[in-house]
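Residue numbers (the working numbering), protein chains in the order written: chain S, 1 to 364; chain D, 1 to 235.
For each residue, glycine too, the CB sits at the ideal point set by N, CA and C.
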């Protein structure tokens with residue numbers, strides 16, 4: 001049998017060719033290397049600039065251990081109703097020696113304010129534990145992440161013990177080793193007012209009704225103050241997992257327990273942090289991690305609110321000619337008989353006439 | 001594993017197939033240690049309707065855009081009453097002298113105490129709260145929601161509102177196209193608010209004042225170049 005001979009020169013030439021073909025990022029290019037290939041993309045600075053565009057930076061800080069710093073995000077200025085949006089920043093403290101106070105800094109300020117990113121959600125780890133109904137404790141599947149991240153070597157999300165028992169999602173030997181954490185950046189706009197329904201318990205024999213549902217105005221939410229001392233129109237914040245303010249359900253409105261939220265909010269973007277392969281820890285991203293924004297809002301916004309003021313509760317139906325019946329006892333009896341009707345009237349009125357200052361964001 | 005001729009040739013083919021070839025907007029530079037990929041695409045300065053660009057240090061040019069299908073007017077290059085549309089035509093359809101008009105805000109534009117101001121659309125509504133085209137202009141102001149545009153709007157512009165744009169007496173309204181921001185070194189920057197054509201509708205709150213709502217209608221509202229339909233040749 002003839003044994004093929006590979007000359008050292010051929011082998012070395014192939015190695016050189018292979019090395020020359022290794023992609024390296026130049027100006028305006030980002031590379032994501034994975035076991036399945038190398039993704040080449042334009043870096044954000046080369047793409048179309050839009051409001052709310054996120055730039056991330058690692059801010060070294062030796063007082064933060066064990067990470068040695070923290071990630072921050074600045075956003076390209078965006079507007080709501082033509083007013084520039086703010087970010088709360090602490091001033092004083094170590095710099096001035098005085099107490100730390102918070103001011104709202106405009107995104108258009110010469111020194112762009114930065115959001116400190118300090119709370120993260122883990123889309124890979126199990127979402128928790130539950131009972132399977134047969135007394136067994138099972139782990140729930142993870143929240144998961146956009147499919148893009150699996151192409152750049154992020155670990156598969158935890159499938160949960162039920163799926164594992166069914167043979168789905170079992171970890172393989174070639175499991176990618178990058179980790180992923182996420183945080184949400186959202187915009188808050190205070191409502192003109194918020195309201196809460198209040199139930200007053202009455203005596204059916206004397207008042208002809210057992211409940212009265214009124215609407216109580218609550219003070220408007222006061223946002224952070226700007227350097228000029230005026231309240232901020234709208235501001236940006238970061239949280240590990242944003243959820244929309246919950247408006248009251250129809251049942252709550254009917255029962256007279258509805259409480260309107262005092263702000264409107266909209267999700268601007270989710271910022272995902274991708275670790276290098278085999279990260280030393282996965283609780284929070286350090287300087288070696290990479291930021292990838294996923295935008296939900298691209299354009300400047302306008303905001304308009306409903307202006308539905310609450311109506312006064314209806315007067316109860318009474319029967320005023322029964323005072324002399326049965327030495328006055330008749331009045332109490334008739335009031336008690338009218339009470340269920342008046343109570344229903346109160347509930348229907350509270351449902352139909354509830355106050356609402358909910359706002360709507362729309363792009364321009 | 002034994003390396004056969006077939007395996008060796010497959011490896012050579014795989015290395016050759018992984019050569020990086022430049023496409024549109026991409027430059028590559030091969031070196032001994034790898035191939036550097038660079039982009040020759042510059043940042044996109046998307047020419048959206050109403051895009052404001054500094055022209056010199058005291059003038060701004062504004063790309064054409066429409067509000068309810070109407071084109072705003074600017075003063076002619078020598079100043080005076082606004083008579084020139086943003087696309088550089090006069091009201092009679094002729095081309096304006098001096099080409100595309102610019103808005104001259106002067107060396108001392110109206111700015112608030114922290115150096116912010118606006119380029120804003122300004123117009124008046126008729127008795128049915130419809131936009132009057134001949135009043136549609138672009139102005140420079142420190143506050144778009146105060147009557148004179150120079151002083152802080154007392155009683156308006158608070159932190160919490162019902163939204164929309166507060167109207168001004170006389171059925172007038174301003175809507176910001178872009179924010180101007182003066183830096184500590186005195187340079188002016190623009191931050192674009194409007195990036196498309198606009199629609200407008202008023203929500204009257206009395207005889208004289210309304211809440212005004214504007215919403216984008218996208219690039220479709222851009223006037224763009226007008227093409228003359230051509231008749232297919234029959235020869």
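CA-to-CA distance, residue 80 of chain S to residue 376 of chain S, given in whole angstroms | Since the first residue of chain S shown is 1 and the last is 364, residue 376 of chain S is not available in this structure.
List the residues of chain S that residue 164 of chain D touches, going by C-beta distances under 9 Å, in chain order.
-> 81, 302, 303, 304, 305
Residues in its own chain within less than 8 Å of residue 269 of chain S by CB, not counting five upstream and five downstream?
-> 52, 54, 184, 185, 293, 294, 295, 296, 297
Please name the residue or residues paired with residue 154 of chain S in a DSSP beta bridge.
-> S:178
Return the CA-CA distance between residue 32 of chain D and residue 4 of chain D, expressed in angstroms with no decimal places.
-> 28 Å
Runs of beta strand (DSSP E) lying entirely within the segment 113-175 of chain D, each at least 3 residues, in chain order | 116-124, 137-141
Validate contact between the segment 235-243 of chain S and the segment 113-127 of chain S using beta carbons, cut 8 Å, 3 pairs = yes
Can at least three beta-carbon pairs, one atom from the segment 280-293 of chain S and one from the segment 65-79 of chain S, be found at a separation below 8 Å?
-> yes
Would you say residue 85 of chain D faces chain S, with C-beta separation under 8 Å as the test?
-> no
Can you grab the Cα-Cα spacing for the pair residue 11 of chain S / residue 39 of chain S, in whole Å?
-> 28 Å
So, is residue 65 of chain D buried or exposed, given that buried needs 16 or more other C-beta atoms within 10 angstroms?
-> buried
Please say whether residue 361 of chain S and residue 192 of chain S have beta carbons closer to each other than 8 Å?
-> no
Measuring only between beta-carbons, confirm whether residue 290 of chain S sits less than 8 Å from chain D.
-> no
Three-state secondary structure (DSSP) of residue 94 of chain D = coil
Pairing CB atoms from the segment 162-179 of chain D with CB atoms from the segment 79-95 of chain D, are three or more of them under 8 Å?
-> no
Sort out for me which residues DSSP pairs residue 293 of chain S with in a bridge.
-> S:271
In this structure, does DSSP put residue 206 of chain S in helix, strand or coil?
-> helix
Own chain, CB closer than 7 Å to residue 20 of chain D, minus 5 neighbours either side, in chain order = 28, 35, 37
In the segment 109-124 of chain S, which residues sit with their C-beta less than 7 Å from some C-beta in chain D, listed in chain order?
-> 110
Mind pulling the chain S residues with CB within less than 8 Å of residue 175 of chain D?
-> 82
Does DSSP put residue 214 of chain S in a helix, a strand or coil?
-> strand
Under three-state DSSP, which class holds residue 16 of chain D?
-> helix
Minimum Cβ-Cβ distance from residue 190 of chain D to chain S less than 8 Å = no
Okay, do the segment 195-215 of chain S and the segment 133-152 of chain S touch, 3+ Cβ pairs below 8 Å being the bar?
-> no
Flag this pair as touching only if the segment 174-182 of chain S and the segment 196-204 of chain S have three or more C-beta atom pairs under 8 Å; answer yes or no.
-> no
Could you give the distance in angstroms between the alpha-carbon of residue 18 of chain D and the alpha-carbon of residue 21 of chain S?
-> 7 Å
Consult DSSP for residue 343 of chain S and reduce its assignment to one of helix, strand or coil.
-> helix
Closest by C-alpha distance to residue 85 of chain S, when choosing among S:65, S:100, S:109, S:30 = S:109
Report all residues from its chain with a CB closer than 7 Å to the CB of residue 147 of chain D; omit the five preceding and five following residues, and keep chain order.
-> 168, 169
Which value, in whole angstroms, describes the spacing of the CA atoms of residue 166 of chain D and residue 172 of chain D?
-> 10 Å
Throw me the rounded Cβ distance for the residue 349 of chain S and residue 316 of chain S pair, which I believe falls under 8 Å.
-> That pair is no contact at about 11 Å.
Cβ shell of residue 275 of chain S (< 6 Å), same chain only, five flanking positions each side left out | 178, 179, 289
Helix, strand or coil: which one does DSSP assign to residue 22 of chain D?
-> coil
Three or more C-beta pairs closer than 8 Å, one from the segment 105-112 of chain D and one from the segment 179-189 of chain D: is that the case here?
-> yes
May I ask you to list, following chain order, the residues of the segment 15-39 of chain S that have a beta carbon less than 8 Å from some beta carbon of chain D?
-> 16, 17, 18, 19, 20, 21, 22, 23, 24, 25, 26, 27, 28, 29, 31
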